[in-house]
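Below is one structure; the comments refer to it alone.
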Amino acid sequence: MATVRQGFGGSPGDAPLSSVLPHPYRPRGVLARQRRGTVKLASGLPWILPALVLCVGLIYYCIGYTGLISTWKWDGISPNPQHVGFGNYSQLFHDPLFWGAVRHTVIFFAVTFTVQTFLGLTFAVLLHSRIRLAVVYKVIVFIPVVLAPAIMAPVFQAMLAPGGQFNTLLRYVGLGTLAQPWIGQTSTALPALMAITVWQFTGFTFVLYYAAMSQIDQSVLEAARLDGAGNLRVITSIVWPSVAGTTFALATLSVIGALKTFDIPWLVTQAGPYYATNFFGTYIYQEIIQLDNVGYGAALSIVLLVIAVAFGVVLQMWRRRKAL
Amino acid sequence: MFEVGKRWKRVLLQIVVTVMVLPYLFPVIVMLQGSLAGQGFGNYKAVAEVPGFARFFLNSAIISASVVALVYLCALLASYGFAKLRLFGREVYFWMLLACLTLPEVVLLAPLFTTDQKLGLYNTYWAVILPLAALQVPFAVLLTRNFIAGLPEELFEAIRVDGAGAVRTFKHLVLPLTRPIAAAVIIFTLIAAWNDYLMPLVFEQAKTMQTITLVPTFFVGQFNDNQTDILAAAVITAIPEVVAYLGLQRLFERGLTAGAIK
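Going line by line, the protein sequences match chains G and A.
Straight run, no breaks: the first sequence in my numbering ends on number 490.
Straight run, no breaks: the second sequence in my numbering ends on number 245.
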């Protein structure tokens, strides 16, 4: 999925290989090689063990346990849960809230990914052009990435309230007729959350595109210009194809991000009004923590996991076929 | 990228960027302005004096530092094993780790909830540190493995010929040479751990164990929806993040570029 730019990040530069080795281990010519002989390559197993134990141990244990719980009707405390087999799953397929969460996730992904890609790409192209104070713009766009959604949630609640600053701004610029309770009504709650998400993650999209664009061969761009290609043509025919790998990685991250969404809908709209902003994350949280339907929540989790892994596999296959 | 020759076009471009950037600034301005309503900076003082406020920062710092240390160590050791050592079934292990990349954390809720209660981990730092670290390790391994695999094989041969075993190679070769990618790992992990909301929300119910992401909820209860104080609290909690970002901005970009997902 990711290719790392090879090299030393500029530290040793073009120095001969031996000079970057710490002193006692510098190769000392053919003589040293013959005297000492070669040590056999060690086994990597002990080295990967801590990561495996932590990651695979904890996560796979949890997935297995979730699978087990998903066949119970259980409140999370009682010592003898009622075994219901696949009862939770068949209930799930007739659950309008589940399908609502699916619909919101799909819309959420499609819109946020498209808008973010467009904005991120535009910012990257513009800031690669001759713009003064580029650093200032970079910082402004990137700061939302480091701010925790949980901390910004009350700000957005205040801002998007009927008497909030956003409506004030609309009235100020003469668009007062558009003023409305953005997060208080079903028609605009989901778009409002998508706007918040775009605000939050454009910086991330931008930085990755910006880095990818720095690696485009300047001579290719110059050649295209000499052939008479205009700005738009250069972007569609050279820049966009060159950053296809980044676009793909961002699509993957956006799918996972949409499936994981929890903080913003939970804190800004409480998954409402009338479940208009209910996502997998908020739904599972409600079932397991608030309603004590641990079995049903576990079944939802398993379905979510299957969807997430399926998307991962499909995207990976698509990537292979396009040889990105 | 964009070639603009004429002066007025360059000015136009500058104006376009400025207008595009304004919406990103707006929420931050709302936050600052709202937090200063009424008593101005007195609001910050009032919020900072609420008993237990510093504790949120301490908890977040302890949890984030532990997660970063754990992820860094596990990822670096594993990446070296994956990239440069003899490993039977290498790809199987690697894909077992990578499959965890797609895992939404909410899936861990039910089993962790019951297991933590059984093991008495509820309301301890471990209840949050372990799952957060486990969720971050796969991405970190992915980044560092590719980086280490890209280091010239001659270096590893040279040090091996000189009689160094895996431990010495790791200490004298892998650790110093992976610094650029370590910056990326540390920054990604730090953002994820510091900003996480769900895990502390569920597993740190005790007031003294909560993290900064729970501050807004805490103040909503404390101040009965007194918006000014809630926004002041939001500003104070956001400051360390912004300062850290501004201070590390170059490291951020170097890290992201070193780990450039292509």
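Ideal placement from N, C-alpha and C gives every residue a C-beta, glycine not left out.
Same chain, Cβ closer than 7 Å to residue i, five either side skipped, listed in chain order
{"i": "I235/G", "result": "V460, G461, A464"}
{"i": "L68/A", "result": "A149"}
{"i": "T172/A", "result": "V50, V51, V54, Q119, A123"}
{"i": "M192/A", "result": "N42, N106"}
{"i": "L299/G", "result": "none"}
{"i": "T283/G", "result": "T371, T413, L416"}
{"i": "Y180/A", "result": "T196"}
{"i": "Q373/G", "result": "Position check: residue 373/G holds Val in this sequence, whereas Gln was assumed. Contacts found: F308."}
{"i": "M360/G", "result": "F274, V277, T278"}
{"i": "L287/G", "result": "Y375"}
{"i": "L214/A", "result": "M14, G17, S18"}
{"i": "A61/A", "result": "V124"}
{"i": "I219/A", "result": "Y27, V30, A31"}
{"i": "V89/A", "result": "L181"}
Range covered by the alpha helix (DSSP H) that runs through residue i
{"i": "F171/A", "result": "162 to 178"}
{"i": "R73/A", "result": "73 to 81"}
{"i": "I142/A", "result": "136 to 144"}
{"i": "Q210/A", "result": "210 to 230"}
{"i": "W109/A", "result": "109 to 132"}
{"i": "F9/A", "result": "-10 to 18"}
{"i": "Y27/A", "result": "25 to 31"}
{"i": "Q323/G", "result": "315 to 325"}
{"i": "P183/A", "result": "181 to 186"}
{"i": "A300/G", "result": "300 to 312"}
{"i": "P94/A", "result": "92 to 102"}
{"i": "A147/A", "result": "Looking at the DSSP string, A147/A is not in any alpha helix (DSSP H), and its letter there is neither H nor E."}
Beta-bridge partners of residue i, as assigned by DSSP
{"i": "R337/G", "result": "DSSP, once it has assigned bridges, lists no residue as partnering R337/G."}
{"i": "R69/A", "result": "S209/G"}
Contacts around residue i, its chain only, beta-carbon distance under 6 Å, and the 5 residues preceding and following it disregarded
{"i": "P502/G", "result": "Since the displayed chain G opens at 167 and closes at 490, residue 502/G lies outside it and no answer follows."}
{"i": "W432/G", "result": "T448"}
{"i": "A66/A", "result": "R128, I131, A132"}
{"i": "A358/G", "result": "L326, W348, I349"}
{"i": "G242/G", "result": "D458, V460"}
{"i": "I454/G", "result": "V460, G463"}
{"i": "F264/G", "result": "L258"}
{"i": "D429/G", "result": "P315, A316"}
{"i": "I362/G", "result": "F322, I430"}
Cβ-based neighbour list, residue i, same chain, cut-off 8 Å, excluding 5 preceding and 5 following
{"i": "P188/G", "result": "Bear in mind that a pLDDT of 45 at P188/G, under 50, signals an unreliable position, so the model cannot answer this."}
{"i": "L86/A", "result": "L118"}
{"i": "L84/A", "result": "P121, F122, L125"}
{"i": "A217/A", "result": "M14, S18, V198, P199"}
Closer than 9 Å, Cβ to any Cβ of chain A: which residues of the stretch 259 to 270 of chain G, in chain order?
So nothing in the stretch comes that close.
What alpha helix (DSSP H) runs, 4 residues minimum, are completely inside the stretch 205 to 266 of chain G?
Within the stretch 205 to 266 of chain G, the runs of alpha helix (DSSP H) at least 4 residues long that lie entirely inside it are, in chain order, 211 to 217, 224 to 235, 253 to 259.
4 or more residues per run - each alpha helix (DSSP H) lying fully within the stretch 357 to 422 of chain G:
With a minimum length of 4 residues, the continuous alpha helix (DSSP H) runs that stay inside the stretch 357 to 422 of chain G are 384 to 392, 397 to 400.
Along the stretch 82 to 94 of chain A, where does the CB come closer than 9 Å to a CB of chain G? Name the residues.
So the list reads A82, C83, L84, T85, L86, P87, E88, V89, V90, L91, L92, A93, P94, given in the order they occur along the chain.
Can you list, in chain order, the residues of the stretch 43 to 59 of chain A whose Cβ is nearer than 8 Å to any Cβ on chain G?
From the stretch 43 to 59 of chain A, only L53, L56, C57, A58 have a Cβ closer than 8 Å to chain G.
Between the stretch 448 to 463 of chain G and chain A, which residues of the former have CB atoms less than 8 Å from a CB of the latter, in chain order?
Cβ contacts with chain A come from I450, Y451, I454, I455, V460, G463.
Report the residue ranges of all alpha helix (DSSP H) runs contained in full by the stretch 431 to 481 of chain G; include only those spanning at least 4 residues, in chain order.
Fully enclosed alpha helix (DSSP H) runs of 4 or longer: 446 to 451.
When Cβ atoms are compared, which residues of the stretch 274 to 298 of chain G fall closer than 9 Å to chain A?
Residues of the stretch 274 to 298 of chain G whose Cβ lies closer than 9 Å to any Cβ of chain A, in chain order: L285, T288, F289, A290, V291, L292, L293, H294, S295, R296, I297, R298.
Could you list the residues in the stretch 414 to 430 of chain G with a C-beta less than 7 Å from some C-beta on chain A, going in chain order?
For the stretch 414 to 430 of chain G, residues whose beta-carbon sits nearer than 7 Å to a beta-carbon of chain A comprise A415, I422, L425, K426, F428, D429.
Select from the stretch 322 to 340 of chain G all residues with a C-beta closer than 7 Å to any C-beta belonging to chain A, and list them in chain order.
From the stretch 322 to 340 of chain G, only F322, A324, M325, Q331 have a Cβ closer than 7 Å to chain A.
Contacting positions in the stretch 470 to 483 of chain G - beta carbon closer than 8 Å to chain A:
Answer in chain order: L470, L471, A474, V475, F477, G478.
Note down, in chain order, all residues in the stretch 61 to 80 of chain A with a beta-carbon under 7 Å from any beta-carbon belonging to chain G.
Along the stretch 61 to 80 of chain A, going in chain order, the ones with a CB nearer than 7 Å to a CB of chain G are A61, Y63, G64, F65, L68, R69, L70, Y76, M79, L80.
Using a Cβ-Cβ cutoff of 7 Å, what residues of the stretch 114 to 125 of chain A are near chain G? List them in chain order.
Shown in chain order are the members of the stretch 114 to 125 of chain A whose Cβ falls below 7 Å from a Cβ of chain G: P114, A116, A117, V120, P121, V124, L125.
So if I threshold CB-CB distances at 9 Å, which residues from the stretch 223 to 239 of chain G count as touching chain A?
Listed by position, the residues of the stretch 223 to 239 of chain G near chain A (Cβ gap below 9 Å) are G223, L224, I225, Y226, Y227, C228, I229, G230, Y231, T232, L234, I235, S236.
Using a Cβ-Cβ cut-off of less than 9 Å, list which residues of the stretch 199 to 213 of chain A approach chain G; keep chain order.
Look at the stretch 199 to 213 of chain A: the residues with a C-beta under 9 Å from a C-beta of chain G are P199, T200, F202, V203, Q210, I213.
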